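Colleague:
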Amino acid sequence: MKEQLQKDFKNIIKNLNLSQKDIEIKKFSLDNFIEKGFPNRKEEDWRFSDLNQIIKKNIGELSFYCDYTSTNKVDTSVFVDGLEHNKIVFINGRIEKIDFDYEKKNQIEIIDQSETINRFSNNNSLSDLNNAFTSKCFKILVKKGYQLSKPLIIYHTFNSKIWSKNINLRLDFELNEDSSLRVIDLFNEASEKNFLNIFYNFDLKKNAILKNYKLDKLENKNVKYSFNNIEQDKNSISETFILSSGSNFFKNEINCNLNGKYASAFVNGIFSLNNDKHHEIRTIINHLTENTKSYQLIKSVLEQSSKAVYQGKIFVNPQAQKTDGYQLSKAILLNKESEFNAKPELEIYADDVKCSHGSASGSLNEDSIFYLMSRGLSYQQSRELLINGFLLDVVEKITDSEIKNLVKNMIGIKE
Amino acid sequence: MDNRQKEIDNLKDYKYGFSTDIENIKAPKGLNEEVIKFISKIKKEPEWMLNFRLKAFERFKLLKEPNWQKPKYPKIDYQDLYYYSAPKSMKNKPKSLDELDPKLLETYKKLGIPLQEQARLNGIAVDAVFDSVSVATTFREELTKHGIIFCPISEAIQKHPDLVKKYLGSVIPTTDHFFATLNSAVFTDGSFAYIPEGVRCPMELSTYFRINASNTGQFERTLIIADKGSYVSYLEGCTAPMRDENQLHAANVELIALDDAEIKYSTVQNWYPGDKDGKGGIYNFVTKRGLCKGKNSKISWTQVETGSAITWKYPSCILKGDNSVGEFYSIAITNNFQKADTGTKMIHLGKNTKSKIISKGISAGNSDMTYRGLVDISSKAQNSNNYTQCDSLLMGNKCGAHTVPYIRNKNSESNIAHEATTSKISEEQLHYCQQRGLNPEEAVGLIVNGFCKEVLQQLPMEFAVEAQKLVGISLEGSVG
Chain A
2 MKEQLQKDFK
12 NIIKNLNLSQ
22 KDIEIKKFSL
32 DNFIEKGFPN
42 RKEEDWRFSD
52 LNQIIKKNIG
62 ELSFYCDYTS
72 TNKVDTSVFV
82 DGLEHNKIVF
92 INGRIEKIDF
102 DYEKKNQIEI
112 IDQSETINRF
122 SNNNSLSDLN
132 NAFTSKCFKI
142 LVKKGYQLSK
152 PLIIYHTFNS
162 KIWSKNINLR
172 LDFELNEDSS
182 LRVIDLFNEA
192 SEKNFLNIFY
202 NFDLKKNAIL
212 KNYKLDKLEN
222 KNVKYSFNNI
232 EQDKNSISET
242 FILSSGSNFF
252 KNEINCNLNG
262 KYASAFVNGI
272 FSLNNDKHHE
282 IRTIINHLTE
292 NTKSYQLIKS
302 VLEQSSKAVY
312 QGKIFVNPQA
322 QKTDGYQLSK
332 AILLNKESEF
342 NAKPELEIYA
352 DDVKCSHGSA
362 SGSLNEDSIF
372 YLMSRGLSYQ
382 QSRELLINGF
392 LLDVVEKITD
402 SEIKNLVKNM
412 IGIKE
Chain B
7 MDNRQKEIDN
17 LKDYKYGFST
27 DIENIKAPKG
37 LNEEVIKFIS
47 KIKKEPEWML
57 NFRLKAFERF
67 KLLKEPNWQK
77 PKYPKIDYQD
87 LYYYSAPKSM
97 KNKPKSLDEL
107 DPKLLETYKK
117 LGIPLQEQAR
127 LNGIAVDAVF
137 DSVSVATTFR
147 EELTKHGIIF
157 CPISEAIQKH
167 PDLVKKYLGS
177 VIPTTDHFFA
187 TLNSAVFTDG
197 SFAYIPEGVR
207 CPMELSTYFR
217 INASNTGQFE
227 RTLIIADKGS
237 YVSYLEGCTA
247 PMRDENQLHA
257 ANVELIALDD
267 AEIKYSTVQN
277 WYPGDKDGKG
287 GIYNFVTKRG
297 LCKGKNSKIS
307 WTQVETGSAI
317 TWKYPSCILK
327 GDNSVGEFYS
337 IAITNNFQKA
347 DTGTKMIHLG
357 KNTKSKIISK
367 GISAGNSDMT
377 YRGLVDISSK
387 AQNSNNYTQC
397 DSLLMGNKCG
407 AHTVPYIRNK
417 NSESNIAHEA
427 TTSKISEEQL
437 HYCQQRGLNP
447 EEAVGLIVNG
457 FCKEVLQQLP
467 MEFAVEAQKL
477 VGISLEGSVG
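These protein sequences, in sequence, are chains A and B.
Counted the way our numbering counts, the first sequence spans residues 2 to 416.
Counted the way our numbering counts, the second sequence spans residues 7 to 486.
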């Protein structure tokens, strides 16, 4: 792998017009990555999902260079119907289109940060990989007091031209005072066996509101890793919803720093897995000052030999009195082969707090099925009804009604 | 109230902090094959035992000291410890209590365990371990009548080699983790109990551990075997003198329950916790593991952890037999600069196995407490159940309370439920108690005892009283 990395890195440097300083940062990151390699189960954060093995099994040999000099045609058929929205379109990791047609032009700034910003304090080697190989990093800045009228959908599209490639993406968002933004990440892919490595950074100033929906529904054979870093100032709110279903492997990591008083963070997620898919959500909510709040709800439905992992951590530092932290994970295992692993963690250094977590996993309740069947439903119908009801609980947590309906349609929940 | 106050005043300081001036025989300082051979020789051990030790030592040389735990400690120099220390008078073992060194008897009297009186009073059979050797075992005759073997493990190695050979290392193999393997190589003494088929042990068995000599590591090994259909309740108590340096305690405890057998293991751990500034105290790095080998067997751990500078242990159950049950009840209290990283592992292998974990953590002062636990239901453990509840109580804003549960469910027919909360004593509760005439300390004591009640109930009578007092004392000075 080392030779491949070095060869592809040379290509990147050749084709991108980078400053000497940038090249040095990238080189430094590359060396770090070469030394550490992909994360494996010896690292505590990856003990349930050995990425090194997963890449070996699903992809084999990876290559890291993508040709970003030629454009790809944007296929408009993948766009979501019936929901007016702004778009960012990635095709094979290249930004093909940025379109804020519905918004006031002077309220949003798109800054091309060609320099690499080495800001992710994530201690795993994937941030190094991302640093070394990202081509462009855009920063989207929402100005003070502006609330976007339509949601922004980020399309992650892949055509069948690439395989066994590592694609690195990076976006930076800054939401200034009293602004708000809704972001949907939508994954559409016709490709196979690629490893997608995404890093987002969100900076929320006073009273800003961020809603981020990550929807991975379409069946695909790719391996994905996504890391969200969210910094929150006073009174800001972040809401993250994850639908984790389509990919062969997907790990979503949310790191949220509640830096200002009365900031709150919500993380809700659904695992709906079949075959031998393996997905993970890992959250770290850092309560760093007093009167902050966090709420997490994760539900899983696991079929065949699929595997879901939830690692959630609530950290409360000594200054963060009056913290309210809540965490609940529930799983239904439908097959003998399926597996659910959880590590709900509390690390608390302040005494006047209210923190709790709960985790439950088990099979579908036979009594409930019996009840429904005695009222005339078939076994299959009763099962679906129960599962829908179980998942609806999380979908109902979505505060945006348009997007809630989009998600409901996507997973086929009828009311 | 006066009486209670007096009692608390009496107990306020660590009352077991005295040390006994007794002549000791020590092994040469350091850890090497010679020392292991020395220990084995002085214990008059057969060759297979020496081989067991040397095999463990070979393995130990390859192992690295673990470093994943929450409480960090300064590096221990394993070459700077004495691995064997025994009162000189024990060289030729006394045949009865009357021949015991009076100083030893005095020590145990001070500890509240008058060995001679216990021989007369009906109560608990005690095996007392002083530094590296077992000094006395009471109630031998009564137990022998029932066919129960209860003796120091060094004696069992000589008198019951078949049993020891068969079971020693079967739950904690010589290839286990760092401290367990170290123990396998250098363990000095401990208790051995065998309950024959169908016997219900008529009294509580108990071991009392005492570290006296300085610079000594205490490495005992306890092995309890409950044969088919038997029942035994076992108690363990520990104290140590106050010393400025930290002392290491790395024991191994193995429990084996065969078909329909039940073992109840209770610990009141009151090692010297160090002084108010966190100086000195015992490092309690103990490996405790129980194997529910047979069908319908049951192992229950109850622990009250109030002492030690650092407590780092996870009493575990391997539920191998079908329908077997594992239980873990724990109260862990840390004050001043104490640190604890404790919890349990429940490994479900057999069908219809059940486990229950109730853990109560209380941290005060500058202390730090972690519950770390594993519930693992394997794919063959159909229809298994686990219930876990871990609650933490924080007193003051300089302490920490953490919960790190690992939950693995590989079986769709099994259920796991886990709950955890962290909170402080509410003002309303305090107000309510004070309104009814209790002073703040009493009020806190009452509320804390209520918080711990679920676990205290699991302890045998005599222990429950002691534990309840300990809970109160450990939190002295943390209120207000």
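Even for Gly, the Cβ is constructed at its ideal location relative to N, Cα and C.
What you are looking at is a predicted structure, and each value in this text was computed from that prediction instead of being measured.
Beta carbons nearer than 8 Å to chain A: which residues of the region 418-439 of chain B have them?
Modeller: Result list: S418, E419, S420, N421, I422, A423, H424, E425, A426, T427, T428, S429, K430.
Colleague: May I ask you to list, following chain order, the residues of the region 311-337 of chain A that have a beta carbon less than 8 Å from some beta carbon of chain B?
Modeller: Hits within the stretch, in order: P319, Q322, A332, L334, L335, N336, K337.
Colleague: Considering only the alpha carbon of each residue, which of B:T228, B:C405, B:G243, B:S314 lies closest to G296 of chain B?
Modeller: Taking the first residue of the second sequence as position 1, residue 296 of chain B is located at position 290. That would be B:T228, whose Cα lies nearest to the Cα of G296 of chain B.
Colleague: Look up Q388 of chain B in the DSSP assignment and give the residues it is bridged to.
Modeller: For the purposes of this step, residue 388 of chain B is taken as residue 382 along the second sequence, with counting starting at 1. Bridge partners of Q388 of chain B: none, in fact.
Colleague: Could you tell me the distance, in whole angstroms, from the CA atom of V205 of chain B to the CA atom of I349 of chain A?
Modeller: Counting from one through the second sequence, the residue named residue 205 of chain B turns up at place 199. Counting from one through the first sequence, the residue named residue 349 of chain A turns up at place 348. Taking the straight line joining both Cα atoms gives about 47 Å.
Colleague: Establish whether the CB of Y380 of chain A and some CB of chain B are separated by less than 8 Å.
Modeller: Here residue 380 of chain A corresponds to residue number 379 of the first sequence, with the count starting at 1. Not closer than 8 Å to any Cβ of chain B, the Cβ of Y380 of chain A fails to qualify, so no.
Colleague: Ends of the beta strand (DSSP E) at N30 of chain B?
Modeller: As a working note, residue 30 of chain B is residue 24 in the second sequence. Start and end: 30-32.
Colleague: Along the region 33-57 of chain A, where does the CB come closer than 9 Å to a CB of chain B? Name the residues.
Modeller: From the region 33-57 of chain A, only E45, R48, F49 have a Cβ closer than 9 Å to chain B.
Colleague: Kindly say whether I349 of chain A, judged by its beta-carbon, lies nearer than 8 Å to any beta-carbon of chain E.
Modeller: Annotation note: the requested chain E is absent from the structure, which comprises protein chains A and B.
Colleague: Span of the beta strand (DSSP E) holding L489 of chain B?
Modeller: Because chain B in this structure spans residues 7 to 486, residue 489 of chain B falls outside the shown range and cannot be described.
Colleague: If you drop the 5 nearest sequence neighbours on each side, which residues of the same chain put their C-beta closer than 7 Å to that of L347 of chain A?
Modeller: Here residue 347 of chain A corresponds to residue number 346 of the first sequence, with the count starting at 1. I315, C356, H358, listed in sequence order.
Colleague: Whole angstroms are fine: how far does the CA of Q164 of chain B sit from the CA of H424 of chain B?
Modeller: As a position in the second sequence, residue 424 of chain B is number 418, starting the count at 1. As a position in the second sequence, residue 164 of chain B is number 158, starting the count at 1. So the alpha carbons of these two residues sit roughly 46 Å apart.
Colleague: Please report how far the alpha carbon of L392 of chain A lies from the alpha carbon of L407 of chain A, in whole angstroms.
Modeller: The count along the first sequence starts at 1 and reaches residue 392 of chain A at position 391. The count along the first sequence starts at 1 and reaches residue 407 of chain A at position 406. The straight-line gap from Cα to Cα measures roughly 15 Å.
Colleague: Does any CB atom of chain A fall closer than 8 Å to the CB of S385 of chain B?
Modeller: Translated into positions along the second sequence, residue 385 of chain B becomes position 379. Answer yes: the Cβ-Cβ gap between S385 of chain B and chain A drops below 8 Å somewhere.
Colleague: If distances are taken between C-alpha atoms only, which option among A:L211, A:I26, A:T158 comes closest to E175 of chain A?
Modeller: Start at 1 with the first residue of the first sequence, and residue 175 of chain A comes out as number 174. The shortest Cα separation from E175 of chain A among A:L211, A:I26, A:T158 belongs to A:L211.
Colleague: Identify every run of the beta strand (DSSP E) within the region 313-382 of chain B, keeping only runs that are complete inside it and at least 3 residues long; order them along the chain.
Modeller: List check, beta strand (DSSP E) in window: 316-319, 322-325, 331-340, 345-348, 351-354, 360-370.
Colleague: Any beta-carbon of chain B closer than 8 Å to the one on H358 of chain A?
Modeller: The residue given as residue 358 of chain A occupies position 357 in the first sequence. Answer yes: the Cβ-Cβ gap between H358 of chain A and chain B drops below 8 Å somewhere.
Colleague: Counting only runs of 4+ residues fully inside the region 411-478 of chain B, write out the alpha helix (DSSP H) ranges in chain order.
Modeller: 433-441, 446-462, all fully within the region 411-478 of chain B.
Colleague: Tell me, please, whether the region 63-78 of chain B touches the region 263-276 of chain B by the rule of three or more beta-carbon pairs shorter than 8 Å.
Modeller: No: fewer than three Cβ pairs fall under 8 Å.
Colleague: With DSSP collapsed to three states, give me the class of Q233 of chain A.
Modeller: One-based indexing of the first sequence puts residue 233 of chain A at position 232. Note: Q233 of chain A maps to strand in three-state DSSP.
Colleague: Give me the chain B residues within the contact set of E62 of chain A, using Cβ-Cβ distance strictly less than 8 Å, ordered along the chain.
Modeller: Start at 1 with the first residue of the first sequence, and residue 62 of chain A comes out as number 61. Under the 8 Å cutoff, chain B gives no residues; its nearest Cβ is about 31 Å from E62 of chain A.
Colleague: By Cβ distance below 6 Å, which residues in the same chain neighbour R283 of chain A in space, the five residues on each side in sequence not counted?
Modeller: Taking the first residue of the first sequence as 1, we reach residue 283 of chain A at position 282. So the qualifying residues of the chain are E254, Q312.
Colleague: From the DSSP output, in three-state form, read off Q85 of chain B for me.
Modeller: Here residue 85 of chain B refers to the residue found at position 79 when the second sequence is read from its first residue. Three-state result, Q85 of chain B: helix.
Colleague: On the premise that F34 of chain A lies in contact with L52 of chain A, defined as a C-beta separation below 8 Å, what is that separation, rounded to the nearest angstrom?
Modeller: The count along the first sequence starts at 1 and reaches residue 52 of chain A at position 51. The count along the first sequence starts at 1 and reaches residue 34 of chain A at position 33. No, L52 of chain A and F34 of chain A are not in contact; Cβ-Cβ is about 13 Å, not under 8 Å.
Colleague: What three-state label does DSSP hand G270 of chain A in the structure shown?
Modeller: To locate residue 270 of chain A, count along the first sequence from 1; it is residue 269. Correct three-state label for G270 of chain A: strand.
Colleague: May I ask you to list, following chain order, the residues of the region 10-32 of chain A that have a beta carbon less than 7 Å from some beta carbon of chain B?
Modeller: If the cut-off is 7 Å between Cβ atoms, the region 10-32 of chain A has nothing near chain B.
Colleague: Would you mind sorting G363 of chain A into buried or exposed? The rule is 16 or more other CB atoms within 10 Å of its CB.
Modeller: As a first step, residue 363 of chain A is located in the first sequence; it is residue number 362 there, counting from the start. Classification for G363 of chain A: buried.
Colleague: Roughly how many angstroms separate the alpha carbons of G478 of chain B and G451 of chain B, rounded to a whole number?
Modeller: Here residue 478 of chain B refers to the residue found at position 472 of the second sequence. Here residue 451 of chain B refers to the residue found at position 445 of the second sequence. Roughly 6 Å between the two C-alpha positions.
Colleague: Consult DSSP for V79 of chain A and reduce its assignment to one of helix, strand or coil.
Modeller: Residue mapping note: residue 79 of chain A aligns to position 78 of the first sequence, counting from 1. Helix at V79 of chain A.
Colleague: What residues from chain A crowd round A407 of chain B, counting only those whose CB sits closer than 7 Å?
Modeller: Taking the first residue of the second sequence as 1, we reach residue 407 of chain B at position 401. Ordered by position in chain A, the residues that pass the 7 Å Cβ test against A407 of chain B are I349.
Colleague: Between N292 of chain A and chain B, is any beta-carbon pair separated by less than 8 Å?
Modeller: Start at 1 with the first residue of the first sequence, and residue 292 of chain A comes out as number 291. Closer than 8 Å: no.
Colleague: Would you please verify whether the beta carbon of G270 of chain A is less than 8 Å from any beta carbon of chain B?
Modeller: Taking the first residue of the first sequence as position 1, residue 270 of chain A is located at position 269. Output row for G270 of chain A: interface = no.
Colleague: Opposite T409 of chain B in the DSSP bridges: which residues?
Modeller: Position 403 of the second sequence, counted from the first residue, corresponds to residue 409 of chain B. Answer is A:L347, B:Y377, bridged to T409 of chain B.
Colleague: Assign W54 of chain B to buried or exposed, taking buried as 16 or more other Cβ atoms, counted over all protein chains shown, within 10 Å of its Cβ.
Modeller: As a working note, residue 54 of chain B is residue 48 in the second sequence. Exposed: under 16 other Cβ atoms inside 10 Å.
Colleague: Determine, using beta carbons only, whether K234 of chain B and E203 of chain B come nearer to each other than 8 Å.
Modeller: Taking the first residue of the second sequence as position 1, residue 234 of chain B is located at position 228. Taking the first residue of the second sequence as position 1, residue 203 of chain B is located at position 197. Yes, they are a contact pair.
Colleague: Contact between the region 404-420 of chain B and the region 445-460 of chain B is defined here as three or more beta-carbon pairs at a separation below 8 Å; is this criterion met?
Modeller: As far as the Cβ criterion goes, the region 404-420 of chain B does not touch the region 445-460 of chain B, which means the pair count is below three.
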